[in-house]
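Heads up: the structure comes next, in structure tokens.
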Amino acid sequence: MHEITLMSSILDTLRESALQNNIKNIKQIKLVVGKFSMALPDSLLFAFEALGQDELFKGAVLDIEEKDTKCICRDCGQHFSLDNDYYFVCPNCSGHKTEIVSGRELYIDYYEGD
Amino acid sequence: MVQIKLGSNILGSNELLARKNRSEFQNQEILVLNLMSSPGAGKTTLLERTIELLNGQLRLGVIEGDLYTDQDAQRIEQKGVQVIQINTEGTCHLDAGMIGKAFNNLPEKDNIDIIFIENVGNLVCPAEFDLGEDYKVVVLSTAEGNDKPLKYPLIFHESRAVILNKIDLLPYTDFSLERFHKDLENINPKAQTFMVSGRTGQGISEWTDWLLEEVNNKKGNS
Numbered sequence: 401m402h403e404i405t406l407m408s409s410i411l412d413t414l415r416e417s418a419l420q421n422n423i424k425n426i427k428q429i430k431l432v433v434g435k436f437s438m439a440l441p442d443s444l445l446f447a448f449e450a451l452g453q454d455e456l457f458k459g460a461v462l463d464i465e466e467k468d469t470k471c472i473c474r475d476c477g478q479h480f481s482l483d484n485d486y487y488f489v490c491p492n493c494s495g496h497k498t499e500i501v502s503g504r505e506l507y508i509d510y511y512e513g514d
Numbered sequence: 034m035v036q037i038k039l040g041s042n043i044l045g046s047n048e049l050l051a052r053k054n055r056s057e058f059q060n061q062e063i064l065v066l067n068l069m070s071s072p073g074a075g076k077t078t079l080l081e082r083t084i085e086l087l088n089g090q091l092r093l094g095v096i097e098g099d100l101y102t103d104q105d106a107q108r109i110e111q112k113g114v115q116v117i118q119i120n121t122e123g124t125c126h127l128d129a130g131m132i133g134k135a136f137n138n139l140p141e142k143d144n145i146d147i148i149f150i151e152n153v154g155n156l157v158c159p160a161e162f163d164l165g166e167d168y169k170v171v172v173l174s175t176a177e178g179n180d181k182p183l184k185y186p187l188i189f190h191e192s193r194a195v196i197l198n199k200i201d202l203l204p205y206t207d208f209s210l211e212r213f214h215k216d217l218e219n220i221n222p223k224a225q226t227f228m229v230s231g232r233t234g235q236g237i238s239e240w241t242d243w244l245l246e247e248v249n250n251k252k253g254n255s
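Protein chains in written order, with the numbering used here: chain A, 401 to 514; chain B, 34 to 255.
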């Protein structure tokens, strides 16, 4: 449900940037969202429909790239992915000193417009 | 058509404010805990018991988050500690800006060792918002079932301490302590765990002993 808050902040950032760059209509927006973040792409799309009613966003397509959750083991250096079960345990050495390297992303990559 | 590269973090403005809160808490040597759970897990009762044990030993402050009411703040106020209510008016989480304002409104903010922030009851959204706290603490109650760490991995992964509440109800539920510990060990092996009952007071002193130690560490290290 916090996707509304997130989208409102995304749209504010875009409005400000479009003003600075003299862009009147945005055609495409690219977001990157990690699967371990708690933001759901469908809810972000819904929030975009609801909040992006101004002229600037007319006809704009929101493209969301999801990033898998990936970790590195600080004991043996093994890289591994987490899919359904979020077990932060190294599959190689069973170590617990793991660090997330991707999956927590939440950023606006770019946008296109005239 | 032009392409503008941004790379800007969606939570960037919150993170900026969280950093500001953190440095203020650091300067004043206040330990700040962000308590999170689903609705009804027993955060407020746990806080009441915690205050009863710590009052007189530490100078306490509480920031209460709630959608619409101030019922929890009233309960805390009766315990004789400073409390500020934040009503989020439908928003499902607290953010760093709300905490900064609430902190400034505490009647004696220069006279505090530890602040408990009671977040809005929700296991999803609050995990995403840094408030500038030292530690996130998640409270789970036995009646909710032992599958919650697996279903809400982010909040359990991010928390420094996990409190299992309503331990007195354990015999009446299907909650598996074995599964709970095993899942937690895999999701967050570094978490400090406490088994408590807000109703009977069981286990609360282990939790408050840990808090006393952490307050001392914070004062010693800064």
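C-beta atoms are modelled at their ideal positions from N, C-alpha and C, and glycine is treated no differently.
Under 9 Å between C-beta atoms, does residue i make it to chain A?
{"i": "I43 of chain B", "result": "yes"}
{"i": "S255 of chain B", "result": "Interpretation of S255 of chain B is limited by its pLDDT of 48, a score under 50 that renders its predicted location unreliable; no figure is taken from the coordinates."}
{"i": "N152 of chain B", "result": "no"}
{"i": "K38 of chain B", "result": "yes"}
{"i": "S46 of chain B", "result": "yes"}
{"i": "L100 of chain B", "result": "no"}
{"i": "M34 of chain B", "result": "yes"}
{"i": "L187 of chain B", "result": "yes"}
{"i": "L163 of chain B", "result": "Per the sequence presented here, residue 163 of chain B reads as Asp, with Leu not at that position. No, its Cβ sits nowhere closer than 9 Å to a Cβ of chain A."}
{"i": "T226 of chain B", "result": "no"}
{"i": "D128 of chain B", "result": "yes"}
{"i": "L183 of chain B", "result": "yes"}
Would you please verify whether the beta carbon of residue i is less than 9 Å from any beta carbon of chain B?
{"i": "F446 of chain A", "result": "no"}
{"i": "F436 of chain A", "result": "yes"}
{"i": "L462 of chain A", "result": "no"}
{"i": "H479 of chain A", "result": "no"}
{"i": "F488 of chain A", "result": "yes"}
{"i": "K424 of chain A", "result": "no"}
{"i": "N492 of chain A", "result": "no"}
{"i": "D442 of chain A", "result": "no"}
Measure the alpha-carbon distance for residue i versus residue j and round it to whole angstroms.
{"i": "K215 of chain B", "j": "P222 of chain B", "result": "9 Å"}
{"i": "D442 of chain A", "j": "I410 of chain A", "result": "15 Å"}
{"i": "K199 of chain B", "j": "V171 of chain B", "result": "14 Å"}
{"i": "R193 of chain B", "j": "N492 of chain A", "result": "26 Å"}
{"i": "N67 of chain B", "j": "L245 of chain B", "result": "16 Å"}
{"i": "T233 of chain B", "j": "D201 of chain B", "result": "8 Å"}
{"i": "Q453 of chain A", "j": "C471 of chain A", "result": "39 Å"}
{"i": "G154 of chain B", "j": "Y185 of chain B", "result": "14 Å"}
{"i": "T206 of chain B", "j": "S494 of chain A", "result": "32 Å"}
{"i": "L419 of chain A", "j": "K38 of chain B", "result": "15 Å"}
{"i": "D167 of chain B", "j": "N54 of chain B", "result": "10 Å"}
{"i": "L79 of chain B", "j": "F227 of chain B", "result": "12 Å"}
{"i": "M34 of chain B", "j": "D514 of chain A", "result": "5 Å"}
{"i": "D99 of chain B", "j": "R92 of chain B", "result": "23 Å"}
{"i": "F136 of chain B", "j": "A129 of chain B", "result": "11 Å"}
{"i": "P72 of chain B", "j": "L173 of chain B", "result": "10 Å"}
{"i": "I43 of chain B", "j": "N250 of chain B", "result": "33 Å"}
{"i": "K424 of chain A", "j": "E465 of chain A", "result": "25 Å"}
Mind checking residue i: buried by the 16 CB within 10 Å criterion, or exposed?
{"i": "H402 of chain A", "result": "buried"}
{"i": "N179 of chain B", "result": "buried"}
{"i": "W243 of chain B", "result": "exposed"}
{"i": "T405 of chain A", "result": "buried"}
{"i": "L164 of chain B", "result": "buried"}
{"i": "K435 of chain A", "result": "buried"}
{"i": "Y486 of chain A", "result": "buried"}
{"i": "C476 of chain A", "result": "exposed"}
{"i": "R52 of chain B", "result": "exposed"}
{"i": "Q107 of chain B", "result": "exposed"}
{"i": "G503 of chain A", "result": "buried"}
{"i": "P140 of chain B", "result": "exposed"}
{"i": "A450 of chain A", "result": "exposed"}
{"i": "L49 of chain B", "result": "exposed"}
{"i": "Q118 of chain B", "result": "buried"}
{"i": "E151 of chain B", "result": "buried"}
{"i": "P159 of chain B", "result": "buried"}
{"i": "G89 of chain B", "result": "exposed"}
{"i": "G123 of chain B", "result": "exposed"}
{"i": "L210 of chain B", "result": "exposed"}
{"i": "S56 of chain B", "result": "exposed"}
{"i": "D483 of chain A", "result": "exposed"}
From this set, the options, which residue's C-alpha is nearest residue i's C-alpha?
{"i": "K497 of chain A", "options": "A:S408, A:D468 and A:F480", "result": "A:F480"}
{"i": "E505 of chain A", "options": "A:Q478, A:A450, A:D468 and A:L444", "result": "A:D468"}
{"i": "K252 of chain B", "options": "B:L64, B:G75, B:I84 and B:E85", "result": "B:L64"}
{"i": "E62 of chain B", "options": "B:G113, B:V95, B:G133 and B:D146", "result": "B:D146"}
{"i": "R474 of chain A", "options": "A:V489, A:K430, A:D483 and A:D412", "result": "A:V489"}
{"i": "E218 of chain B", "options": "B:F189, B:L203, B:Q90 and B:S238", "result": "B:F189"}
{"i": "A74 of chain B", "options": "B:I148, B:D105, B:A176 and B:N42", "result": "B:A176"}
{"i": "T121 of chain B", "options": "B:G89, B:G40, B:Y101 and B:I84", "result": "B:Y101"}
{"i": "K142 of chain B", "options": "B:L210, B:V114, B:I220 and B:R212", "result": "B:V114"}
{"i": "E582 of chain A", "options": "A:L462, A:N484, A:L445 and A:A439", "result": "Here chain A covers residues 401 to 514 and nothing more, so residue 582 of chain A does not appear."}
Consider the Cβ of residue i: report whether some Cβ of chain D lies at a distance smaller than 9 Å.
{"i": "A51 of chain B", "result": "As a matter of chain content, chain D is missing from the structure shown, whose protein chains are A and B."}
**Message:** Give the list of continuous alpha helix (DSSP H) stretches no shorter than 4 residues that lie fully inside the region 58–94 of chain B.
**Reply:** 76–87, all fully within the region 58–94 of chain B.
**Item:** Runs of beta strand (DSSP E) wholly within the region 152–227 of chain B (minimum 3 residues, chain order)
**Value:** List check, beta strand (DSSP E) in window: 168–174 and 194–198.
**Prompt:** Quick one: complete alpha helix (DSSP H) runs, 4+ long, within the region 97–155 of chain B?
**Reply:** The DSSP assignment places 104–110 and 129–138 as complete runs of the alpha helix (DSSP H) inside the region 97–155 of chain B, in order along the chain (cut-off: 4 residues).
**Request:** Could you tell me which uninterrupted beta strand (DSSP E) segments, each at least 3 residues in length, are contained entirely in the region 456–503 of chain A, listed from first to last along the chain?
**Result:** Counting whole runs of 3 or more residues, the region 456–503 of chain A contains the beta strand (DSSP E) stretches 461–467, 469–473, 479–482 and 498–502.
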